[in-house]
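A short write-up of the structure that comes next.
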DNA sequence: CACTTAAGTTGACGGTGTTCACAATCTGCT
DNA sequence: AGCAGATTGTGAACACCGTCAACTTAAGTG
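Protein chains in written order, with the working numbering: chain A, 4 to 245; chain B, 4 to 245.
Here it is, written out as structure tokens:
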């Protein structure tokens, strides 16, 4: 009844089924990239695959489910990229680690603008991503940022007084609650610092991506500088990254 | 031929025409607010107005032009709100001015989430806002932020050494070019600082608006704290805002 | 082989943006 | 007053969309 394979069925069937699903998603992704989320349509995907639109319903119960899959995939792709950057720069200072991860974040966003808008805004009408499916995927990416902060703290590169100083009384208990939830096992000050970093990172990237920055500004140079600046007053006291 | 009124025509005609246009935009805005940009459709607007869909084409050459009008209106509304905040807090310190304007910015975003996503992302498929029409409208809002920074500098509340220190060599000439263009008549360091503020502001708001922040965090408390932190980070040395 | 299950097609329904030919209305002019 | 012309609205049509139900075809299993 349901298109999802509850029973293993035959291995061969299952294999080709997965391949078809992957082809659908790939085609959809391509159409998504061609011109924003503009021209994405089930019928279009089916047409390009030489299928009828209704055939796709054997694989996805609705267009929104296909979209959700794309959202999850995009989050995963971003997280993968960040983790690669994290591993590659793990030996250096925490500050360098942050800058490298941030650059990877921006690079991914610029290479996959349609995916970025897909996951960080709602470019498709009538579609709201279901949190229960997308949130875990998103959190892998956020987790990398938290790991960077964790490393900074562990390496003694964060000024504890400064971290404490940045906390407003209203915010402290909330951050403690977040920390206690297990999602983000860091002291409140470090969490606050990480949020500052994330907001700046995300804000600058969306401004650049949607062409809200003056055109004479080179996004890369501005970005690099801003990432260093944000480190600085968050209480980072380690070696200056390049 | 063209729906736009090149000739003044009769004053009466012109008046009722403007009223109709306004009613169309209002209806569209309402539909937009009802559930995101999801359910916005020309036919829906026409239906609610007791008109045929094709009748709207007497007033807007296409759906995208209607959207562009909404975008411009939204930018204008935001700018109005910011200017009110600017005037109201003009007497206080630059830091207080910044926090008040930033709060107004967030308040507007939260009260008009659909408008915010409409102007700062691309929530409608196939639609890309034409820059020549939207950019001037957007710049009024950015201009307020720049005025805040101007005031901070004029009041001697910005540490000039710090501003200088924050500039990367790659970025300086670009910011100087921007400044020279007349759009943003501020020294490069101050421009950089203003961009930092804007990116943080914008980033945090989009994260909150799209529910990418952990739910136990109160957006308002986090926001206030972050706005103070960002001030600090960019070399603000005036009295601490509340 | 017969039987079950999955994959795909056909055709429809109601929705969308858009166009075009036509009718109704209002305005200005003589 | 009456006519000409512009303005505003309608109705039907076109091509597209997501979705569903009934049907046919193919594949795998006992």
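Even for Gly, the Cβ is constructed at its ideal location relative to N, Cα and C.
Note that the coordinates shown come from a computational prediction; the quantities given were computed from them, not determined experimentally.
Query	Result
Alpha carbon of residue 234/B to alpha carbon of residue 47/B, nearest angstrom	45 Å
Cβ neighbours of residue 195/A in the same chain (closer than 8 Å, five flanking residues each side left out)	166, 169, 170, 174, 178
Stretch pair the segment 224–234 of chain B + the segment 183–199 of chain A: three plus CB contacts closer than 8 Å	yes
Of the listed residues 152/A, 222/A, 73/A, nearest to residue 96/A (C-alpha basis)	152/A
Buried versus exposed call for residue 218/B [16 or more other C-beta atoms within 10 Å across all chains shown]	exposed
CB of residue 85/B within 8 Å of CB of residue 104/B, strictly	yes
Whole-angstrom distance between residue 240/A and residue 35/B, CA atom to CA atom	47 Å
C-alpha distance - residue 7/B paired with residue 65/B, whole-angstrom precision	Low confidence applies here, because residue 7/B scores a pLDDT of 41, under 50, leaving its location unreliable and the question unanswered by this model.
Cβ pair residue 71/A, residue 52/A closer than 8 Å	no
The segment 171–187 of chain A: positions lying closer than 8 Å to chain B by Cβ	171, 173, 174, 177, 178, 180, 181, 184, 186, 187
Nonlocal neighbours in the same chain, by C-beta distance under 7 Å from residue 246/A, ignoring five residues either side	Coverage of chain A is limited to positions 4 through 245, which leaves residue 246/A absent and any answer about it impossible.
Limits of the alpha helix (DSSP H) - the one that residue 137/A falls within	134–157
Rounded Cβ spacing between residue 225/A and residue 108/A (contact assumed at less than 8 Å)	Wrong, their Cβ atoms sit about 15 Å apart, outside the cutoff.
Own chain, CB closer than 6 Å to residue 98/B, minus 5 neighbours either side, in chain order	234, 239, 241, 244
Counterpart residues of residue 161/B in DSSP-defined beta bridges	239/B
Residue 100/B - DSSP class collapsed to helix/strand/coil	helix
Neighbourhood of residue 130/A by C-beta distance below 6 Å, restricted to the same chain and skipping five residues each side	67, 70
Within 9 Å of chain B by C-beta, residues of the segment 57–85 of chain A in sequence order	none
Cβ-based burial, residue 208/A [other Cβ within 10 Å; buried from 16]	buried
Under 9 Å from the C-beta of residue 195/B: neighbouring residues of chain A	225, 228, 229, 232
Coil, strand or helix - residue 60/B by DSSP	helix
Straight-line Cα distance separating residue 77/A from residue 133/A	15 Å
Neighbourhood of residue 79/B by C-beta distance below 8 Å, restricted to the same chain and skipping five residues each side	140, 143
Residue 160/B classed as buried or exposed, judged by whether at least 16 other C-beta atoms fall within 10 angstroms	buried
Under 8 Å between C-beta atoms of residue 73/B and residue 27/B	no
Proximity to residue 120/B [Cα-Cα], best of 57/A, 237/A, 63/A, 213/A	213/A
Contacting residues, own chain, Cβ-Cβ under 6 Å from residue 88/B (five flanking each side not counted)	103, 104, 107
Own chain, CB closer than 7 Å to residue 303/A, minus 5 neighbours either side, in chain order	Not covered by the structure: residue 303/A. The range shown for chain A is 4 to 245.
Residue 147/A burial status per 10 Å Cβ neighbour count (16 or more: buried)	buried
Proximity winner among 25/B, 32/B, 237/B, 15/B, relative to residue 115/B (alpha-carbon distances)	32/B
CA nearest to the CA of residue 237/A, picked from 14/A, 162/A, 94/A	162/A
Distance CB(residue 2/A)-CB(residue 182/A) smaller than 8 Å	For chain A, the structure presents residues 4 to 245; residue 2/A sits outside this window and is missing.
Residue 100/A and residue 92/A closer than 8 Å at C-beta	yes
Distance CB(residue 180/A)-CB(residue 149/A) smaller than 8 Å	no
Which of helix, strand or coil DSSP assigns to residue 91/B	helix
Any non-hydrogen atom of the ligand PLP within 7 Å of residue 224/B CB	Inclusion of the ligand PLP in the displayed structure is not the case, the ligand content being empty and no account of it being possible.
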